[in-house]
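Written out below as structure tokens is the structure these notes cover.
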Amino acid sequence: MSLGIFLGFLLLGVIGMPIAFSLGFAALVALAFSDDGFAIIPLRMMAAVNSFPLMSIPFFILAGELMVKAGIVERLIELANAVVGRVRGGLAHVTLLSGAGLATVSGAAVSDASALSTILGPSLTKAYDKPFASAIIAAAGNLGPIIPPSGAMIVYAFMAGPSVSVGGMFMAGVVPGLIITAGFMLICTWYVTKRGYPATGVAFSFANVFAQLRRSIIIFMMPVVVIGGIVGGAFTATEGSAIAVVYALAVGFFVTRRLKVADLPGILLRSAITTAMVGALIAFASVVTHLLTVDLLPMKVAALVKSITTSPLGYMALVTVVLFVVGMFLESNAAYIMLVPLLHPIALSYGIDPLHFGFLFVLNLVIGMLTPPVGVVLFVVCSINKISMREIVVALWPFITLMYGVLFLCMLFPPIVTWLPRLLGYGAA
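Residue 5 is where the sequence shown starts when you use my numbering, and the numbers rise one by one after that.
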């Protein structure tokens, strides 16, 4: 039955059916040849989506949409330009720092890449060649799911169960996210120095930096309030996401004054569409997960993996190879929903820290958003910047290589991931 589900899913996906419905139809066909009745489909789907923690996903999506529309990207760009705009490669550094700042309020790579492409794309293309400019935007946007709050980490924590907390996953991404951002900036410095691009941007001035900090402090207070409240135990991730929406509305209407009542229907519609896509994936995948469990697939996979390696490091390396392939062909949310219930329990059986494994899993699939042929961030940047995927991929490989370097560094040295969560009370299970 498990083989039939996977073959059916792949066949339907190849012919162009949306991933969520491919899962649903594959489960429907499998049920036709099983002892379970079709009535299990609505029961499993309702049980999967009827979850209080899962409500944080639409709220964070909505908060991100509101903050982008409220004009926070422009304020982040002005602040970054005041700090690093005049150094060599300054505009590239501004883009990367803006991406990191935007990640603290949105948690989604696609929306971040779209916003940065629209606002900074023309200026970057004038300052550098178009492939490199596009690669910078894609790399900056891809920081969204790594630096908290992260929608990907929420989905992972939900699918992994009680052994992984949302707050712990958020904190696991802080140090690696900063390392990746710094590494991206070094790549940009090397590239612009090699090509001899001149310095751009405004001259550094403490007065300008302080002025921009005053204008932006209200924006940076949002992740402090929301993430700090979640980590400190003042409220749950779901309650924190609702607070983020209220905060975003207040900033947009009363601080930047860029948000209008007329903007709300469009924002709500886009958030609803994204939420519906994730919800449908979770609902249909829950039926598939049930059928795979009945077929004892997790036990079979665990036995197979342990016959290959008894080393925790070997298992993580094996999962990395699997996710490298999966990330090139499968949308990331579908990968979380299908593979986390299968691979996470095996990681626990190896004695791997659940936060350590969870972050490596997320980072693997985040990198997959930059790799063809199904790199969603690539599609967004190529579409807005009018560039071919081949051109951007050639310029993007140094950034992808660095992310894999950080991935293996975190794999070999777990404290890079686990130090901050443990310091804040999120210990190993």
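Glycine included, each C-beta is placed from N, C-alpha and C at the ideal position.
Thinking C-beta only, is residue j closer than 7 Å to residue i?
i    : j    : result
M281 : A113 : no
L83  : S220 : yes
A341 : A289 : One detail in the question is off: residue 341 reads as Ile in this sequence, not Ala. The answer is yes: Cβ separation under 7 Å.
V291 : I45  : yes
A86  : T260 : no
A399 : F136 : yes
I286 : A52  : yes
I183 : S60  : no
V326 : A339 : no
F239 : G233 : yes
V344 : Y160 : yes
V230 : I247 : yes
I312 : I76  : no
I391 : K134 : yes
Excluding sequence positions up to five away, which residues of its chain have a Cβ less than 7 Å from the Cβ of residue i?
i    : result
L359 : V168, G172, M173, A176, V421, T422, P425 and Y430
I388 : S118, S121, T122 and G125
M393 : P376, L382 and C386
L308 : none
F56  : T242
A139 : I396, A399, L400 and F403
S336 : A156, L369, G372 and M373
S245 : S60, F63, F64 and A67
Within a Cβ cutoff of 6 Å, which residues of the same chain sit near residue i, ignoring the five residues on either side of it in sequence?
i    : result
L367 : L411
A433 : With a pLDDT of 42 at A433, under the threshold of 50, the modelled position of that residue is not reliable, and the figure given next carries that caveat. Around A433: S167 and P358.
F257 : L263
F361 : A351
A156 : P149 and V366
T278 : I65
T462 : Residue 462 is absent from the model: the chain starts at 5 and stops at 433.
Y251 : M226
K310 : none
Among residues of its own chain, excluding the 5 on either side of residue i, which ones have a beta-carbon nearer than 8 Å to its beta-carbon?
i    : result
V25  : Here residue 25 is Phe; the residue named in the question, Val, does not match the sequence. Cβ within range, chain order: L16, A284 and F288.
A31  : I9, I45, F288, V291, V292 and L295
P227 : T108, V109, P152 and P153
V249 : F63, L66, A67 and L70
M320 : A351, I356, F361, L364 and M415
I271 : L66, E69, L70 and K73
L80  : L101, S102, G105, L106, S220 and I223
M49  : A287, F288, S290 and V291
Assuming residue i and residue j are in contact, meaning their beta carbons sit under 8 Å apart, how far apart are those beta carbons, in whole angstroms?
i    : j    : result
G148 : S110 : 6 Å
L3   : M415 : Any answer about residue 3 is impossible in this case: the structure gives the chain only from 5 up to 433.
L347 : V370 : In fact, because the Cβ distance is near 16 Å, the residues do not count as touching under 8 Å.
L334 : V378 : 7 Å
L58  : F162 : 6 Å
The ligand FAD heavy atoms versus the CB of residue i: any closer than 6 Å?
i    : result
F210 : Ligands in the displayed structure: none, and consequently the ligand FAD is not present.
Would you call the region 87-96 and the region 116-123 touching, i.e. three or more CB-CB distances under 8 Å?
no
May I ask you to verify whether the region 129-148 touches the region 180-198, counting CB pairs closer than 8 Å and requiring at least 3?
yes
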